[in-house]
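Chemist:
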Amino acid sequence: MQSITVSAHPSVQYLLRIGDTCLILAQRLAEWCGHAPIVEEDIALTNMALDLVGQARAVLTRAGQLEGELGGTPHDEDQLAFLRDERDFRNCTLVELPRGDFAVTMLRNLAVAIFLELLWQRLEGSSDGELAAIAGKAVKEARYHREHAAGWVVRLGDGTEESATRLKAALELLWPYFAEIFEADAVDDEADAARLGPRWADLQGEWRAGFAAVLAPAGLSLPAERAFRSTGKSGRHSEHLGYVLAEMQNLQRSFPGGVW
Amino acid sequence: MSPAVTPGTIPGPPAEPIGKPAKKAEWPLFEVFVRSKAGLDHKHCGSLHAADPQMAIQLARDVYTRRQEGTSIWVIRSDQITASDPGDKSAYFDPMEDKVYRHPTFYELPKSLDHM
Chain A
933 MQSITVSAHP
943 SVQYLLRIGD
953 TCLILAQRLA
963 EWCGHAPIVE
973 EDIALTNMAL
983 DLVGQARAVL
993 TRAGQLEGEL
1003 GGTPHDEDQL
1013 AFLRDERDFR
1023 NCTLVELPRG
1033 DFAVTMLRNL
1043 AVAIFLELLW
1053 QRLEGSSDGE
1063 LAAIAGKAVK
1073 EARYHREHAA
1083 GWVVRLGDGT
1093 EESATRLKAA
1103 LELLWPYFAE
1113 IFEADAVDDE
1123 ADAARLGPRW
1133 ADLQGEWRAG
1143 FAAVLAPAGL
1153 SLPAERAFRS
1163 TGKSGRHSEH
1173 LGYVLAEMQN
1183 LQRSFPGGVW
Chain B
54 MSPAVTPGTI
64 PGPPAEPIGK
74 PAKKAEWPLF
84 EVFVRSKAGL
94 DHKHCGSLHA
104 ADPQMAIQLA
114 RDVYTRRQEG
124 TSIWVIRSDQ
134 ITASDPGDKS
144 AYFDPMEDKV
154 YRHPTFYELP
164 KSLDHM
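Chains A and B, in that order, are what the protein sequence lines are. First residue of the first sequence? That's 933 in the numbering used here, and the numbers climb one at a time after it. First residue of the second sequence? That's 54 in the numbering used here, and the numbers climb one at a time after it.
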C-alpha cells in the first residue's frame, strides 16, 4: 500500500507531534499485555495504553481535518497511523525506545505523563475548539497516569536494593532523551503565535519541578544536562521506531482498508 | 541519513527462572468496596494483592471500575476484618427463622406512605 504525504504546515506538524507521541507510547505499553509482574498491573498498563490510543485517535483525526482546511488533502486517523513512513512520524524519540524493564517503563511513563498533563492543561485554552475539547478529556487521564507512575517510581526507588539499582539505571538511560521534548523550534513558535498550543519549551521549568518532586522521595535527583539531542520530533528517529511501525502497520499495508 | 545513535543499552525484563519459581514475599490481600452512585452504599466487589493501601486503590480503580462501575472506592486489608465463625451459623442465625413478628409487615401504613 502506497504511503501518504502529509502537510508540512506547522499546525499540522504540531498536532502530529502530540498524536504520534501518544500513539507510539501506547504501542510500547501494550507490549506489557500478558507480561506485567501482576495481573492487576497488567490491566492498569493496558488501560493506560488504551487511553493513549484514544488521545492519539482524536488528535490525529483533527490533524487530518486540518490538512483539508488548509487547502491540502485531508486524511483520516487510520491513514495517518498506518500509511505514513517512519520519517513522517513526529513523536519524541523517548517513546519509541524499547519498553525495557519495569523501572524503565515506569520512569518513562512518569516523564511523559507529567509533560502531557502540562500540555493538555494549556491546550484546554487552544484557539482550536476541537483540540481544546480533546484536551479537556485527556488531562484527567494524564493526571491518573502521572499518579500511577509516580507511586511506582517512589516504590522502586525506595524499595529493595535491586529495585533502586534498576530505577537509577533507568534514569541514566532515559535522561538524555527527555531534553528533546523541550527543544524549541519553528513549529513550536508558530503554534504559540497562532494560539494553537504552548511552546513545549515553555513547559520545561514546570516539568523539571514536577519530575524532581517525585525523584526526591525515590532517592534520586535530576542528572546534569547532556549535550546529546534526539531528533524524533523532526522525523529522524532511532533504530527502534521502524520495528514498531512494521508491526503496527503490517495489517493495513497488506490488506488496505481491512476492518473487523 | 543514518538513524540517530542510541546511547546506552536498554535492559530487558528480568530472566524468569525456569521450573523453580523464585520465593517472593506475598503482598497483603485487600478487600475492595465500590460505590456505584452517589447516595448508594459501598458494595464488596472482590479482593486483590497490593503492596500498600494507595496501590490497592489504584489497582482497584483499574480492575473494578474500568467500565464506569464506580464513583468511590474503599479498600481494607483482609486481615483487619473480623468475621463471624461459620461454625456458629446455627446458633447465630437459625433462631431468627420463626420470629416473623420481628418483621414490620404487620403494621398498616397510611396510604400516603404506601411506597415505603
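We treat Cβ as the ideally placed atom computed from N, Cα and C, and that holds for glycine. Nothing here was measured: the structure is a model prediction, and the numbers come from that model.
Less than 8 angstroms separating the beta-carbons of Cys954/A and Gly1164/A?
Modeler: Going by C-beta atoms, Cys954/A is not nearer than 8 angstroms to Gly1164/A.
Chemist: Quick check: what's the CA-CA separation for Arg960/A versus Pro1030/A?
Modeler: Cα to Cα, Arg960/A sits roughly 7 angstroms from Pro1030/A.
Chemist: Is the distance from the Cβ of Leu977/A to the Cβ of Leu1106/A below 8 angstroms?
Modeler: Against a cut-off of 8 angstroms, the Cβ pair of Leu1106/A and Leu977/A comes out as no contact.
Chemist: Which residue or residues does DSSP assign as beta-bridge partners of His97/B?
Modeler: DSSP output for His97/B lists Phe86/B as bridge partner(s).
Chemist: Locate the alpha helix (DSSP H) running through Ile129/B, then write down its first and last residues.
Modeler: Segment 125 to 130 is the beta strand (DSSP E) holding Ile129/B; no alpha helix (DSSP H) there.
Chemist: Residues of the stretch 1067 to 1089 of chain A with a CB closer than 9 angstroms to any CB of chain B: list them in chain order, please.
Modeler: Listed in sequence order: Tyr1076, Glu1079, His1080, Gly1083, Trp1084, Arg1087.
Chemist: Does the beta carbon of Arg120/B come closer than 8 angstroms to any beta carbon on chain A?
Modeler: No, because no Cβ of chain A sits closer than 8 angstroms to the Cβ of Arg120/B.
Chemist: Looking only at its chain, what residues have a beta carbon closer than 8 angstroms to the beta carbon of Val1176/A, apart from the 5 residues adjacent to it on each side?
Modeler: Closer than 8 angstroms at the Cβ level, and outside the excluded window around Val1176/A, lie Ile956, Gln959, Arg960, Glu1028.
Chemist: Three or more beta-carbon pairs under 8 angstroms between the stretch 1115 to 1123 of chain A and the stretch 1074 to 1085 of chain A, yes or no?
Modeler: No: the two stretches stay apart, fewer than three of their Cβ pairs being nearer than 8 angstroms.
Chemist: Looking at chain A, which residues of the stretch 111 to 138 of chain B have a Cβ within less than 7 angstroms of any of its Cβ atoms?
Modeler: Here the close residues are Gln111, Leu112, Asp115, Val116, Arg119.
Chemist: Give a yes or no on whether the C-beta atoms belonging to Leu1042/A and Arg1087/A are separated by under 8 angstroms.
Modeler: No, the pair does not count as a contact, with Cβ atoms beyond the cut-off.
Chemist: Given that a residue counts as buried once 16 or more other Cβ atoms are within 10 Å of its Cβ, and exposed if not, what is Thr993/A?
Modeler: Classification of Thr993/A: buried, given that the 10 Å Cβ count is 16 or more.
Chemist: If we cut at 8 angstroms on Cβ distances, does Ile975/A have a partner in chain B?
Modeler: By this cut-off, Ile975/A is an interface position.
Chemist: Go ahead and label Met149/B buried or exposed: buried means 16 or more other beta carbons lie within 10 angstroms of its beta carbon, across all protein chains shown.
Modeler: Looking at its Cβ environment, which holds fewer than 16 other Cβ atoms inside 10 Å, Met149/B is exposed.
Chemist: Quick one: residues in its chain with C-beta nearer than 7 angstroms to the C-beta of Gly1089/A, no 5 flanking neighbours on either side, listed in chain order?
Modeler: Cβ within range, chain order: Ala1096, Leu1099, Ala1150, Gly1151, Leu1152.
Chemist: Would you kindly work out how many angstroms separate the C-alpha atoms of Leu1103/A and Leu1039/A, rounded to a whole number?
Modeler: Cα to Cα, Leu1103/A sits roughly 7 angstroms from Leu1039/A.
Chemist: Considering only their Cβ atoms, is the gap separating Arg1054/A from Gly996/A smaller than 8 angstroms?
Modeler: No, they are not a contact pair.
Chemist: Going by beta carbon distance, what residues of the same chain come within less than 7 angstroms of Phe1110/A, once the five residues before and after it are set aside?
Modeler: Counting only Cβ-Cβ distances below 7 angstroms, and skipping sequence neighbours, we find Leu1026, Ala1043.
Chemist: Given this structure, state the Cα-to-Cα distance separating Leu1063/A from Gly1167/A, to the nearest angstrom.
Modeler: If you take the alpha carbons of Leu1063/A and Gly1167/A, they lie about 23 angstroms apart.
Chemist: Whose CA, out of Gly1004/A, Gly1032/A, Leu948/A, lies closest to the CA of Ala1214/A?
Modeler: This structure does not reach residue 1214/A, given that chain A is present from 933 up to 1192, and the question cannot be answered.
Chemist: Between the stretch 73 to 103 of chain B and chain A, which residues of the former have CB atoms less than 9 angstroms from a CB of the latter, in chain order?
Modeler: The residues in question are Trp80, Leu101, His102, Ala103.
Chemist: Just tell me which of Asp141/B, Ala104/B, Ser100/B, Gln111/B has its CA closest to the CA of Met980/A.
Modeler: Checking every option, the nearest Cα to that of Met980/A belongs to Gln111/B.
Chemist: I'd like the span of the alpha helix (DSSP H) that includes Lys152/B, first residue to last.
Modeler: Lys152/B -> no alpha helix (DSSP H), and no H or E assigned at all.
Chemist: Expressed to the nearest angstrom, what Euclidean distance is found between the alpha-carbon atoms of Ala1144/A and Thr135/B?
Modeler: If you take the alpha carbons of Ala1144/A and Thr135/B, they lie about 42 angstroms apart.
Chemist: Using CA coordinates, which residue listed in Gln1136/A, Ile1066/A, Glu1001/A, Gln934/A is at the minimum distance from Asp1212/A?
Modeler: Summary: the structure shown does not reach residue 1212/A, with chain A confined to residues 933 through 1192, and so no result is reported for it.
Chemist: Taking 8 angstroms as the limit between beta carbons, can you name the residues of its chain near Ser55/B, skipping five residues before and five after?
Modeler: Residue placement at Ser55/B cannot be trusted, given a pLDDT of 48 that sits under 50; what the coordinates show is reported in the next sentence. Excluding sequence neighbours, Ser55/B sits near nothing in its chain.
Chemist: Taking CB distances under 8 angstroms as the criterion, tell me whether Asn979/A reaches chain B.
Modeler: At least one chain B Cβ lies under 8 angstroms of Asn979/A.
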